[in-house]
Amino acid sequence: MTLNVSRQDYPTDSMAAVVPVMEQSLSDSLETIETSHDARADAIWDSLNVVRVRCVGDPHALMPETRESWLLAMQVHSAVFAAAATGQETVTCEIRQEERRLATTGPQVHLHAGNWVNAFYLALICRETARLDMLARIPVSLLRDFGGAFDEYLYAWVETLQSFWLHRDDLREHLVRAVDLSTPGKARVLDRAEVSMLRRPPIMMLYRYLRNDPAGFDEALADAVHRHKQYWTATEDRTVNITGVVAIAPLALACLAKANGFPMETRSAYLPEALLDFARHNKPDA
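Note that the sequence shown covers residues 5 to 290 in my numbering.
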């Protein structure tokens with residue numbers, strides 16, 4: 005039985021009006037992304053905001069411009085991390101059909117586990133295996149060195165995703181640890197509601213995927229989308245916050261499962277339909 009989870013209404017006209025402004029801000033950041041740390045941090049932020057605002061008026065990502073914005077966000081996120089851990093002075097990355105030579109860096113404030121997870125999700129959505137390979141080899145120690153603080157579950161989740169993608173023997177160990185540490189009562193930085201409704205559900209989705217349980221995975225996906233909606237409609241401010249437009253983490257895991265033959269009955273504007281079948285609309289090396 006198909007399950008539809010509706011998305012809250014957003015002010016479509018006013019959101020559409022800010023798309024050119026956000027895209028210009030992103031373009032400005034890309035002009036100096038090769039050498040500027042500030043530009044890289046801004047590009048990460050701007051690229052995600054562009055995809056979210058575009059999905060307000062195009063909830064199923066049917067427009068080529070919307071899908072291209074997801075590709076660009078993926079390219080930006082991956083490029084920033086590709087330049088993070090290398091023995092070379094520069095690294096060449098494709099961004100917006102143009103090769104960019106990014107000066108390499110050590111730890112930076114924008115090279116944290118939260119941005120790494122988003123980069124991994126975007127690469128899953130866009131079916132970018134080479135970029136996933138690169139991200140899976142980023143040392144977790146580098147993500148810890150950025151100077152900020154995250155709940156420990158996030159690092160366990162990074163290690164889980166890396167071990168999963170690289171087929172390491174310690175996958176079960178990291179997954180069990182991620183499940184344990186994502187218990188809301190163990191949160192120290194995020195509030196318990198965010199951990200329970202947004203952070204823990206994707207971990208349970210991966211658990212169902214690894215058990216090769218399509219029915220259980222679809223149930224976990226439905227639960228994740230329901231919790232996403234509950235969180236982003238709990239207050240008036242959250243309801244209009246564009247961060248909640250797309251359930252990026254559940255979408256990424258759903259893309260992984262669908263690419264590997266899992267049938268899904270859960271439907272929602274939080275899960276843009278065209279992105280679930282991204283490879284059919286966009287070439288993998290776009």
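C-beta: ideal position from N, C-alpha, C; glycine also.
VAL22 and THR39 have their C-alpha atoms roughly 27 angstroms apart. Residue pairing for VAL95: DSSP places it in a beta bridge opposite LEU106.
Under the three-state reduction of DSSP output, ASN8 falls in the strand class. The C-beta of HIS171 has fewer than 16 other C-beta atoms within 10 Å across all chains shown, which makes the residue exposed. For the alpha helix (DSSP H) assignment, the uninterrupted runs of no fewer than 4 residues enclosed by the region 249 to 284 are, from N- to C-terminal side, 252 to 263, 277 to 280. Residues of the same chain with a CB within less than 6 angstroms of the CB of VAL55, apart from the 5 flanking positions on each side, are SER73, TRP74, ALA77 in chain order. Taken in chain order, the unbroken stretches of beta strand (DSSP E) that lie wholly in the region 7 to 57 and span 3 residues or more are 7 to 9. Collapsing the DSSP output to three states places VAL193 in coil. A Cβ-Cβ contact shorter than 9 angstroms links LEU136 with LEU128. Judged by their CB atoms, THR94 and ALA107 are nearer to each other than the 9 angstroms cut-off. An exposed status is given to GLY265, since fewer than 16 other beta-carbon atoms sit within 10 Å of its beta-carbon.
Per DSSP, reduced to three states, the secondary structure at MET67 is coil, with no helix or strand assignment. The region 187 to 207 and the region 130 to 149 do not touch, with fewer than 3 CB-CB distances between them shorter than 8 angstroms. Between the C-alpha atoms of LEU175 and ALA258 there is a straight-line separation of about 19 angstroms. Less than 9 angstroms separates the beta-carbon of ALA224 from that of ARG212. HIS232 is the residue among ALA256, ALA261, HIS232, LEU260 whose C-alpha sits nearest the C-alpha of THR247.
In the three-state DSSP reduction, GLN79 falls in the helix class (H, G or I). In the structure shown, LEU225 adopts helical secondary structure according to DSSP, grouped into three states.
Exposure of SER145 is indicated by the presence of fewer than 16 other C-beta atoms within 10 angstroms of its C-beta.
By the C-beta density criterion, ARG141 is exposed, having fewer than 16 other C-beta atoms within 10 angstroms. The DSSP assignment places complete alpha helix (DSSP H) segments of no fewer than 4 residues inside the region 148 to 215 at 156 to 170, 175 to 185, 204 to 214, in order along the chain. In the structure shown, ARG141 adopts coil according to DSSP, grouped into three states.
Contact check between the region 41 to 51 and the region 80 to 95: three or more CB pairs, one atom from each, fall below 8 angstroms, which counts as touching.
If you draw a straight line from the Cα of VAL199 to the Cα of VAL60, it is about 25 angstroms long.
Taking the CA atoms as reference points, TYR157 sits about 14 angstroms from TRP120. Here the alpha carbon of ILE207 sits roughly 11 angstroms from the alpha carbon of MET201. Counting only residues of its own chain and dropping the five nearest sequence neighbours on each side, GLN92 has a CB closer than 7 angstroms to the CB of THR108.
Between the alpha carbons of ALA278 and ASP42 lies a distance of about 32 angstroms. Cβ contact annotation for MET19 (same chain, cutoff 8 angstroms, sequence separation greater than five): VAL57, VAL60, GLY61, ILE246, in chain order. In the three-state reduction of the DSSP assignment, ALA134 falls in the helix class, which pools H, G and I.
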